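*Asks:* First to last, the sequence lines map onto chains A and B.
Read in order, the letters of the first sequence correspond to residues 52 to 162 in the working numbering.
Read in order, the letters of the second sequence correspond to residues 81 to 371 in the working numbering.
My questions will all concern the structure given below.
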Amino acid sequence: MGKILTDNLAPGMFLGADVRDRSGRLLLGRGTELNERHLYILRTWGVVDVEIAGAEEGGNDPKTAKTIDPALWAAVEKKIAPLFLHADNSHPAIKELMCMRIMREAADGKR
Amino acid sequence: MANADIPKEYTLDWLVNETENVYSLPIIYERLTEVINHPRSSIEDITRVISEDQGLTARLLKLANSPLFGYFSKIDTIGKAATIIGTQQLQAMALAVSVMEVFTGIPENLVNMKTFWQHSIACGITARALAIYRREANVERVFAAGILHDVGRLVICTAMPQFFTGLLIAGREEKALLFRMEEESLGFTHADVGGRLLEKWRIPASIAEPVAFHHSPDKARKFPLEAAFIHLADIICKSLDLGFNGERFVPPLEPSSWERLDIPPAALAEVVKHVEPQMADTMAILRGGGP
């Protein structure tokens, strides 16, 4: 069982644990087979990730990162480096944010 | 750096007093707080106070019906909003709206108010989304604190325009963080100023303290978690270029606060995905037709 981000969920997956909203109210019970309507409910209530039966932990690698041309990636990385001058680039959160920024810039560049 | 307009004996209190002569919190907010805190007030009492201010009423209703909440049925009265969203939550939202309206008339060459509020609102929505992720009870408090986190900067800019201009130039030339330079030159930062002003306005500590400690959340005595939400939201918005508050760099992340939040790095993208569709609407509602 592993946590899967709401965005990576698909109909037909089974919940490995109860899903509750921020006040603890039960939204969907363990064992529910997800359908489109459930996904809508999860998004509306701001549920970011849920336990999915049979999913592997850490199965959320940003796959889009691999589709960006390495040369473009390097160019954007260089461009945004000054912004992160005072940030600790080895911290996992900062790494993630830099990655998100690079993907945004790269997507904007393609448009 | 141009320090011409810093008086010899300036203090944090001098600065806040100076500001109080120019800006004051709308009376409606004080009345609202009074009625909400009164043990025998009913929802009707609260509705009556808010309804006296048509602008505030309209904005609160628009917020309640915006993608921020995502309710299916229309919320068409303040009474309904108070019942569904909660009175404490409504009070926090009313505070954000009231304070935003206070800071007007700041010269455009010092601060671009549009991008300033863009950054502030983005920070408020992001902090709120982080709080929702952590399943916090009153996320509107975090929303308000996020929106107000940089008001100290507006205070400094109003009371000491030359110092403020010097700060922006030095930030560019020396590649330094503004809040560090404020600390060096003044002995306090825009975060301290914002926190003190809100405190003086008798805003609840749950909002004033996170503002005061948004660059050093671990030092917050009562609300370090709330401060950490604002701290991280500020860093996220800066990293992704959501609005502009004068600062050119991503502020350093306090590792202990990151750990306190206990949010997996992979969830950040998801949180931001929730935030972005809410940005434009919230900005339009809170800023109205303002410059």
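All C-beta atoms in this analysis are idealised placements derived from N, C-alpha and C, irrespective of residue type, glycine included.
This structure is a prediction, so every number in the text was calculated from the model and none was measured.
Quick one: is I315/B near chain A, going by C-beta distance under 9 Å?
*Replies:* Walking along the second sequence from the start, residue 315/B turns up at place 235. Yes, I315/B lies at the interface with chain A (some Cβ there is under 9 Å from its Cβ).
*Asks:* Can you check whether the CB of I310/B is closer than 9 Å to the CB of A225/B?
*Replies:* Numbered from 1 along the second sequence, position 145 holds the residue referred to as residue 225/B. Numbered from 1 along the second sequence, position 230 holds the residue referred to as residue 310/B. Contact flag set, yes.
*Asks:* Can you check whether the C-beta of T95/A is within less than 9 Å of a C-beta belonging to chain B?
*Replies:* Within the first sequence, residue 95/A is the residue found at index 44, counting from 1. Cβ-Cβ to chain B under 9 Å: yes for T95/A.
*Asks:* Could you tell me the alpha carbon to alpha carbon distance between G109/A and T206/B, rounded to whole angstroms?
*Replies:* Numbered from 1 along the first sequence, position 58 holds the residue referred to as residue 109/A. Numbered from 1 along the second sequence, position 126 holds the residue referred to as residue 206/B. Only weak support exists for where G109/A lies, its pLDDT of 47 falling under 50; the value from the coordinates is given anyway. Their Cα atoms are separated by approximately 24 Å.
*Asks:* Along chain B, in chain order, which residues have C-beta atoms closer than 7 Å to that of L136/A?
*Replies:* As a first step, residue 136/A must be located in the first sequence, where it is residue number 85. The answer, in chain order, is K255, F329.
*Asks:* For chain A, check one thing: does any of its Cβ atoms lie closer than 9 Å to the Cβ of R215/B?
*Replies:* As a first step, residue 215/B is located in the second sequence; it is residue number 135 there, counting from the start. Yes, because at least one Cβ of chain A sits closer than 9 Å to the Cβ of R215/B.
*Asks:* Just curious, the alpha helix (DSSP H) that G53/A is in, first and last residue?
*Replies:* By one-based count along the first sequence, residue 53/A stands at place 2. Per DSSP, G53/A belongs to no alpha helix (DSSP H); it is in the beta strand (DSSP E), 53-56.
*Asks:* If I'm right that S265/B touches D298/B with Cβ under 8 Å, what's the distance once you round it to whole angstroms?
*Replies:* Taking the first residue of the second sequence as 1, we reach residue 265/B at position 185. Taking the first residue of the second sequence as 1, we reach residue 298/B at position 218. Actually they do not touch by this definition, with Cβ atoms about 24 Å apart.
*Asks:* Run through DSSP, which three-state label would D112/A get?
*Replies:* The sequence position of residue 112/A within the first sequence is 61, counting from 1. The predicted model places D112/A with a pLDDT of 48, which falls under 50 and marks its position as unreliable; any figure quoted below should be read in that light. Of the three classes helix, strand and coil, the one that applies to D112/A here is coil, per DSSP.
*Asks:* According to a CB-to-CB cut-off of less than 8 Å, which residues of the stretch 145-170 of chain B neighbour chain A?
*Replies:* Cβ contacts with chain A: G150.
*Asks:* Taking only the alpha-carbon atoms, compute the straight-line gap between G275/B and T83/A and give it to the nearest angstrom.
*Replies:* To locate residue 275/B, count along the second sequence from 1; it is residue 195. To locate residue 83/A, count along the first sequence from 1; it is residue 32. So the two alpha carbons sit approximately 46 Å from each other.
*Asks:* If you check the beta carbons only, do V179/B and L228/B fall under 9 Å apart?
*Replies:* On the second sequence, position 99 is the one that residue 179/B refers to. On the second sequence, position 148 is the one that residue 228/B refers to. A contact, by the Cβ cut-off of 9 Å.
*Asks:* For L60/A and chain B, any beta-carbon pair shorter than 9 Å?
*Replies:* Stepping through the first sequence from its first residue, residue 60/A is reached at position 9. No - not a single Cβ of chain B is within 9 Å of the one on L60/A.
*Asks:* Below 7 Å CB to CB, which residues in the same chain sit around A313/B once its five sequence neighbours on both sides are set aside?
*Replies:* Counting from one through the second sequence, the residue named residue 313/B turns up at place 233. Same-chain partners within the cutoff: C203, T206, A207, L210, G226.
*Asks:* What does the alpha-carbon distance come out to for the pair W197/B and K318/B?
*Replies:* Here the question's residue 197/B lines up with position 117 in the second sequence. Here the question's residue 318/B lines up with position 238 in the second sequence. Using only the alpha carbons, I get a separation of about 13 Å.
*Asks:* Closer than 9 Å, CB to CB, is I186/B near chain A or not?
*Replies:* As a working mapping, residue 186/B is identified with position 106 in the second sequence. For I186/B, the answer is no, since every Cβ of chain A falls outside 9 Å of its Cβ.
*Asks:* Does DSSP classify I153/A as helix, strand or coil?
*Replies:* Position 102 of the first sequence, counted from the start, is the residue given in the question as residue 153/A. DSSP places I153/A in helix when its eight states are reduced to three.
*Asks:* Could you tell me which chain A residues have their CB closer than 7 Å to the CB of P332/B, listed as they occur along the chain?
*Replies:* Numbered from 1 along the second sequence, position 252 holds the residue referred to as residue 332/B. H137, A138, D139, listed in chain order.
*Asks:* To the nearest angstrom, how far is it from the Cα of G326/B to the Cα of W94/B?
*Replies:* One-based indexing of the second sequence puts residue 326/B at position 246. One-based indexing of the second sequence puts residue 94/B at position 14. If I take the Cα positions, the gap works out to 23 Å.
*Asks:* Find the residues of chain B that neighbour H142/A, judging by a C-beta separation of less than 8 Å, and give them in chain order.
*Replies:* Within the first sequence, residue 142/A is the residue found at index 91, counting from 1. Near H142/A (Cβ distances below 8 Å), the residues of chain B are L333, P335, W338.
*Asks:* Taking P133/A as the reference, give the member of V330/B, A364/B, A346/B, P344/B with the closest Cα.
*Replies:* One-based indexing of the first sequence puts residue 133/A at position 82. When each option's Cα is compared against that of P133/A, the closest is V330/B.
*Asks:* Given A103/A, which residues of its chain have a CB within under 8 Å of its CB, disregarding the five upstream and five downstream residues?
*Replies:* The sequence position of residue 103/A within the first sequence is 52, counting from 1. Reading the sequence as shown, one finds Ile at residue 103/A and not Ala. Here the set comprises M52, G53, K54, I55, L60, M64, F65, L66, G67.
*Asks:* Between A162/B and I123/B, how many whole angstroms is the CB-CB distance? I'm expecting something under 8 Å.
*Replies:* Translated into the one-based positions of the second sequence, residue 162/B becomes position 82. Translated into the one-based positions of the second sequence, residue 123/B becomes position 43. Indeed they touch by this definition, with Cβ atoms about 5 Å apart.
*Asks:* Among M363/B, Q358/B, F259/B, which has the Cα closest to the Cα of R328/B?
*Replies:* Numbered from 1 along the second sequence, position 248 holds the residue referred to as residue 328/B. When only C-alpha atoms are compared, the closest one is F259/B.
*Asks:* In chain A, which residues lie less than 8 Å from P374/B when you measure between Cβ atoms?
*Replies:* Residue 374/B is absent from the model: chain B starts at 81 and stops at 371.
*Asks:* Span of the beta strand (DSSP E) holding D93/B?
*Replies:* For this step, residue 93/B is matched to residue 13 along the second sequence. Not the beta strand (DSSP E): D93/B falls in the alpha helix (DSSP H), residues 92-102.
*Asks:* Identify which residue in I287/B, R252/B, G251/B, G185/B has its Cα closest to the Cα of D230/B.
*Replies:* For the purposes of this step, residue 230/B is identified with residue 150 of the second sequence, where counting begins at 1. Closest option to D230/B, Cα to Cα, is I287/B.
*Asks:* Which residues mark the beginning and the end of the alpha helix (DSSP H) in which D314/B is found?
*Replies:* Start at 1 with the first residue of the second sequence, and residue 314/B comes out as number 234. Where D314/B is concerned, the enclosing alpha helix (DSSP H) stretches over 304-319.
*Asks:* Can you list, in chain order, the residues of its chain whose CB lies under 8 Å from that of L123/A, leaving out five sequence neighbours each side?
*Replies:* In the first sequence, counting from the first residue as 1, residue 123/A sits at position 72. Only A157, G160 meet the Cβ criterion.
*Asks:* For the stretch 185-232 of chain B, which segments carrying the alpha helix (DSSP H) assignment without a break, of at least 4 residues, lie completely within its bounds, in sequence order?
*Replies:* Whole alpha helix (DSSP H) segments, 4+ residues: 193-213, 219-228.
*Asks:* Answer with yes or no whether the minimum CB distance from K130/A to chain B is below 9 Å.
*Replies:* As a working note, residue 130/A is residue 79 in the first sequence. No, K130/A does not count as interfacial toward chain B.
*Asks:* Compare the C-beta of T57/A against all C-beta atoms of chain B and say whether one is closer than 9 Å.
*Replies:* In the first sequence, counting from the first residue as 1, residue 57/A sits at position 6. At least one chain B Cβ lies under 9 Å of T57/A.
*Asks:* Does the beta-carbon distance from R139/B to G323/B come in below 9 Å?
*Replies:* Within the second sequence, numbered from 1, the residue matching residue 139/B stands at position 59. Within the second sequence, numbered from 1, the residue matching residue 323/B stands at position 243. No.
*Asks:* What did DSSP end up calling E132/B once you bin it into helix, strand or coil?
*Replies:* For the purposes of this step, residue 132/B is taken as the residue at position 52 of the second sequence. Three-state DSSP puts E132/B in coil, outside helix and strand.
*Asks:* Residues of chain B with a CB under 8 Å from the CB of D159/A: which are they?
*Replies:* Looking up residue 159/A in the first sequence gives position 108. Within 8 Å Cβ-Cβ: nothing; D159/A doesn't reach chain B, min ~10 Å.
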